[in-house]
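Q: Chains C and A supply the protein sequences, listed in that same order. Mind the numbering: the first sequence is residues 41 to 339 in the numbering used here, read in order. Mind the numbering: the second sequence is residues 16 to 652 in the numbering used here, read in order. Please read through the structure below; I'll follow up with questions.
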Amino acid sequence: MALRHLRVLEEESVYILREVIAQFEQPVLLYSIGKGSSVLLHLAFKAFHPAPIPFPLLHVDTTWKFSEMISFRNELAKKFDLDMIVHVNQEGIKNRISPIIHGSAVHTDVMKTQALRQALNEHKFDAAIGGARRDEEKSRAKERIFSHRTVEHRWDARNQRPELWNQFNGRLAPGESMRVFPLSDWTELDVWNYIEEEEIPVVPLYFAKERPVVERDGMLIQIDDDRLPLLPGETPQIRRVRFRSLGCYPLTGAIESAATNINELIEELKVSRLSERQGRLIDKDQSASMEKKKEEEYF
Amino acid sequence: MNTSSSKASSAASKDAALAEGEPALRFLTCGSVDDGKSTLIGRLLYETGQISNDSLQALETESKVYGTNGDSIDFALLVDGLQAEREQGITIDVAYRYFATGRRKFIVADTPGHEQYTRNMATGASRSDVAVVLVDARKGILRQTRRHSCIARLLGVGHVVLAVNKMDLVDYSEERFREVEASYHQFAQEVGILEVSAIPLSALKGDNLCVHSKSMRWFRGPTLLEYLETVDAGCPYVGDFLRMPVQLVCRPNQHFRGYAGTLSSGIVKVGDKIAVMPSGRTSMIDRIVTYNGDQQQAVAGDAVVLTLTDEVDISRGDVICADEQRPEISDQFQANVVWMSTKPMLPGRPYIIQQGTQRTNAQISTIKHRIGMDTLQEMSARKLQLNDVAVANLSTSKPLVIAPYAKETRLGSFILIDRHSNETVGAGMINYGLHRAQNIHWQSINVTKEQRAHSKGQKACCLWFTGLSGSGKSTVANALEIKLQKRGFHTYILDGDNVRHGLNRDLGFTDSDRVENIRRVSEVSRLMVDAGLVTIVSFISPFRAERRMARERFDDGEFLEIFVDTPLGICEERDPKGLYVKARRGEINNFTGISSPYEAPERPDIRLNGGTLQPDELADQIIAEFVRRRFIEDIQS
């Protein structure tokens, strides 16, 4: 690999992934379809080669993801013959939970947080591998690589174990579980450089294209399907935009950009003065809100 | 599906290429509570352009609410992450920050200043190349400065930057800076910190942080950032010879059997002769398999899958090593141990040790001494409290492949895990093995009584309870066994009545039968002590001679005679089995105390007042005596 520091990051992440298989009975990879997940999946191929990936992937589908994300997911699962579990909170569907009617906080809680809990319980997963990084948000700076969760899936600050060297303590009492974050030490730029180096497929939404959007609360929201009602005074416009971070489309703001390929994207990133999660509405609905979500098992 | 493949047009500047190419420098920042650490990191992030516009906006708002700088921006708020901490104005855990300049990438382990958070500091230091130790120019070197420096030294952090902060508050005085620098240099020499660079700065005003200070033109050294950008980042200690701890056996089908792991030391090439440790079986490298195709060689840090030319039984925890240069194997070694739990560490208590991919049971057999964190001075200790650091001997239930920490970080470091709570309670750095057993198969060691006891983390002994029927021997023995079990001791009770149902069912109560009864029981208890158990014998054993006979079967200090001294009247009143009534009626012959003598011990090792105290209290008395006699370390917890 041309970039030595990416190589170091890769080796460390591979080590962590192998530890997960060695230390847990029922691991799962939380596949969010985003760039982090793409990198994770690629690392998993590397870690277990020549054996296939020894755990299933789990996508918690809120039913409000960009349609391009869903088709990307389905094609990927087919292409690599992945064991892809898609979980939807049927309770939420029954109650017609929607980000538009119930707001981002309720929607995220029911369709994402509770849904994840349901899926973890149903399959009795004891380790869930996620693509979160410490540089994403302030409250993640103290997250462990092996992050302990109680039987109720709660993150308790006092229960977190000191992590020295590369010694990861994955021992659990019955019912407890671990979130594992192999990309903890990666930065957003590292992720993109690695995607470039390794030619990892990502959802095209990350690249600029003319897309139909409306401006709402200072954010550019893509009109992804006909479920997004226009408010008085809103008119759909075609803008050249891309997304830095992907979520539910009514809650995810686009940025205006001319970066149509990965090189341009990396160059844009280097001079950007906006944070990665700046377009994510769900981060802002309460003060210190990532911290609260973390305690409630959003990750 | 979009593949991002337009690589040709990569036109990154030379500086950026350098920054992206080099592995990140990992450094930790430490200092006392008000030394301005968060301000320093916040400002570093800000001045290197890591803070986005939206974060900056949020910061301005927050500065007005929580800030300690009036209306100006409080950089500390950029890094004091959790809401709870922000409200209390303290930092309570290790936080990791990431930034990059044109010359290098950085990973910062931000560790809190409070003295009680030694464990966080050790955590941060375990993976750092450089320690930035902050001091307040007004206060100079404090106890915590020394403490943090000592921990950095113990964890093997190669470089220390003494960041003399708040120079603006001492009028940028060179004299004051030199004073602080000189006193730190002296201390650093005492504790063996070899590389120290002192930099005067003001994190608040930005002096010598990223730009040279106009107020301290007398200082000709680098700014903190320049120093960090250029310091030669020594990697952790990596040895010269192949060591690859096996993480997983990779067996996708019948035709492939490989061993996945990351090389912790050395280099491996196809065709190399290797030994699998600790078994010592040898083979040859057949293939080095990676996702990117087979390789001819791999070096320390590479994650690979190795296949061998022979079918060798290898599992997780084994270490593939250079055949000619085998590592040390030992089940007993000396290490520096950092205790990280609020529950104290007690010698003899069993823990799980995790070292590399090896995991087994371990005990700290002895604490040699505690290491004072002021000057690394030796202090005596019988147990370890939270944040204590000590030199200790450990014994493990199976031999581990080890290396001195100062030579090979990976094989030389370990964590200790509580067997019940599963918490990581300690961390250690191996100094050396106590059995130099490199060339000896461990099985061939003649296992002694001491070793058997040692592997259970205890001193084997025989606790011989004597006393009248109904005196409370069995009740106290039971209470004692429960207490000992809770503390992780391996115990067994030989109870008079129970033994008479089996082993001694052919014996009656004549004097000669009583002697044979005691002979057999003392022989069995001797075997049990030989097996390493804390053996509790609860027998009336009325005759001095037989008790002496029993004692003589044991080594000095192994046999404790415990006299449960309960007056006959009370025993008769209790009469739990209705035997006294029968004896008085003449239905039982040779009943001790009534129709057969009881020869009370003249100098028992422990005399218990069984007439007035509760069984629990009596058991505690015995434990107190154990502690006094150093059978076990102080076990209040």
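Here a beta-carbon is modelled for each residue, glycine too, at the ideal position from N, C-alpha and C. Predicted, not measured: the structure shown is a model, and the values here were computed from it.
Quick one, which residues of the segment 209-236 of chain C are near chain A if we go by CB-CB under 7 Å, in chain order?
A: Per Cβ criterion, the list reads Asn209, Arg211, Leu212, Ala213, Asp225, Thr227, Asn233, Ile235, Glu236.
Q: What separation, rounded to the nearest whole angstrom, lies between the Cα atoms of Asp620/A and Arg566/A?
A: If you take the alpha carbons of Asp620/A and Arg566/A, they lie about 12 Å apart.
Q: Measuring CB atoms only, is the segment 258-269 of chain A touching the segment 230-237 of chain A, in the sense that at least three cross pairs come out at less than 8 Å?
A: Segments in contact, no.
Q: Between Phe437/A and chain C, is the shortest Cβ-Cβ distance under 8 Å, so that the two count as touching?
A: Note that residue 437/A corresponds to Asn in the displayed sequence, not to Phe. At least one chain C Cβ lies under 8 Å of Asn437/A.
Q: Compile a chain-ordered list of the residues in the segment 294-318 of chain A whose CB is closer than 9 Å to at least one CB of chain C.
A: Correct list: Val304, Thr305, Tyr306, Asn307, Gly316, Asp317, Ala318.
Q: Output needed for Ser428/A: all residues of its chain with C-beta closer than 8 Å, excluding positions within five of it in sequence on either side, in chain order.
A: The residues are Ser141, Gln370, Tyr420, Ala442, Gly443, Met444, Ile445.
Q: Just the Cα atoms here: how many angstroms apart are Ala167/A and Ala146/A?
A: If you take the alpha carbons of Ala167/A and Ala146/A, they lie about 7 Å apart.
Q: Answer with buried or exposed for Trp233/A, where buried requires no fewer than 16 other C-beta atoms within 10 angstroms of its C-beta.
A: The residue in question, Trp233/A, is exposed, as its Cβ has fewer than 16 Cβ neighbours within 10 Å.
Q: I need the straight-line Cα distance from Lys178/C to Leu93/A, nearest angstrom please.
A: Computed Cα separation, rounded: 8 Å.
Q: If I follow the unbroken beta strand (DSSP E) through Gln154/C, where does it start and stop?
A: Careful: Gln154/C lies outside any beta strand (DSSP E) and carries neither H nor E.
Q: How would you write the range of the beta strand (DSSP E) that Asp328/A sits in, first residue to last?
A: It is not in any beta strand (DSSP E) - Asp328/A carries neither H nor E in the DSSP assignment.
Q: Is Pro244/C helix, strand or coil when you go by DSSP?
A: Three-state DSSP puts Pro244/C in a helix.
Q: Val148/A: beta carbon under 7 Å from a heavy atom of the ligand MG?
A: Within the structure as shown, the ligand MG is missing, as the structure has no ligands at all.
Q: Quick one: is His45/C buried, meaning 16 or more other Cβ sit within 10 Å of its Cβ, or exposed?
A: The residue is buried, with at least 16 neighbouring Cβ atoms inside 10 Å.
Q: Locate the beta strand (DSSP E) running through Arg302/A, then write down its first and last residues.
A: Unbroken beta strand (DSSP E) run through Arg302/A: 296-304.
Q: Could you say which of Asp389/A, Tyr366/A, Asp590/A lies nearest to Ser436/A if we only look at CA atoms?
A: If we check each option's Cα against that of Ser436/A, Tyr366/A comes out closest.
Q: If you draw a straight line from the C-alpha of Asp183/A to the C-alpha of Val150/A, how long is it?
A: Those two C-alpha atoms are separated by around 13 Å.
Q: Would you mind working out which of Ala492/A, Leu594/A, Gly523/A sits nearest Thr550/A, comparing C-alpha positions?
A: For Thr550/A, the nearest C-alpha among the options comes from Ala492/A.
Q: How would you call Ala298/C, buried or exposed, if buried means at least 16 neighbouring beta carbons within 10 angstroms?
A: Looking at its Cβ environment, which holds fewer than 16 other Cβ atoms inside 10 Å, Ala298/C is exposed.
Q: State buried or exposed for Arg120/C, treating a residue as buried only when at least 16 other CB atoms are found within 10 Å of its CB.
A: Here residue 120/C turns out to be Phe, not Arg, going by the sequence shown. By the neighbour-count rule (16 or more Cβ atoms within 10 Å), Phe120/C is not buried but exposed.
Q: Between which two residues does the beta strand (DSSP E) harbouring Gly448/A extend?
A: Here the beta strand (DSSP E) through Gly448/A covers 439-448.
Q: Bridge partners for Asp222/A per DSSP, in chain order?
A: Ser217/A, Val226/A.
Q: Return the first residue and the last residue of the alpha helix (DSSP H) that Ser412/A is part of.
A: Per DSSP, Ser412/A belongs to no alpha helix (DSSP H); it is in the beta strand (DSSP E), 404-417.
Q: Hey, could you find the ends of the alpha helix (DSSP H) Arg425/A is sitting in?
A: Taken as a continuous stretch (DSSP letters only), the alpha helix (DSSP H) holding Arg425/A covers 424-427.
Q: What is the residue span of the beta strand (DSSP E) that Val283/A lies within?
A: Note, Val283/A: beta strand (DSSP E), 282-284.
Q: Pull out every residue of the segment 373-403 of chain A whose Cβ sits closer than 7 Å to any Cβ of chain C, in chain order.
A: So nothing in the stretch comes that close.
Q: By the criterion of Cβ-Cβ separation under 7 Å, what are the contact partners of Met355/A in chain C?
A: Near Met355/A (Cβ distances below 7 Å), the residues of chain C are Pro202.
Q: Give me the chain C residues within the contact set of Ile432/A, using Cβ-Cβ distance strictly less than 8 Å, ordered along the chain.
A: Asn209, Arg211, listed in chain order.
Q: Between Leu69/C and Pro359/A, what straight-line distance do the alpha-carbon atoms span, to the nearest angstrom?
A: If you take the alpha carbons of Leu69/C and Pro359/A, they lie about 37 Å apart.
Q: Taking 8 Å as the CB-CB cut-off, is Arg58/A touching chain C?
A: So, not an interface residue.
Q: Answer yes or no: does any C-beta atom of chain C fall closer than 8 Å to that of Val109/A?
A: Yes, contact with chain C.
Q: Please give the ranges of any alpha helix (DSSP H) in the segment 135-186 of chain A, keeping only runs that are unbroken, at least 4 residues long and fully inside the region.
A: You should have 158-169.
Q: Note down, in chain order, each residue of its chain lying with its Cβ closer than 6 Å to the Cβ of Phe558/A, except the 5 sequence neighbours on either side.
A: Closer than 6 Å at Cβ, skipping near neighbours: Glu614.
Q: Is Leu46/C helix, strand or coil when you go by DSSP?
A: Helix at Leu46/C.
Q: Candidates Lys488/A, Leu548/A, Cys336/A: which alpha carbon is nearest Ala634/A's?
A: Cα-wise, what sits closest to Ala634/A is Lys488/A.
Q: What residue range does the beta strand (DSSP E) around Tyr111/A cover?
A: Residues 110-115.
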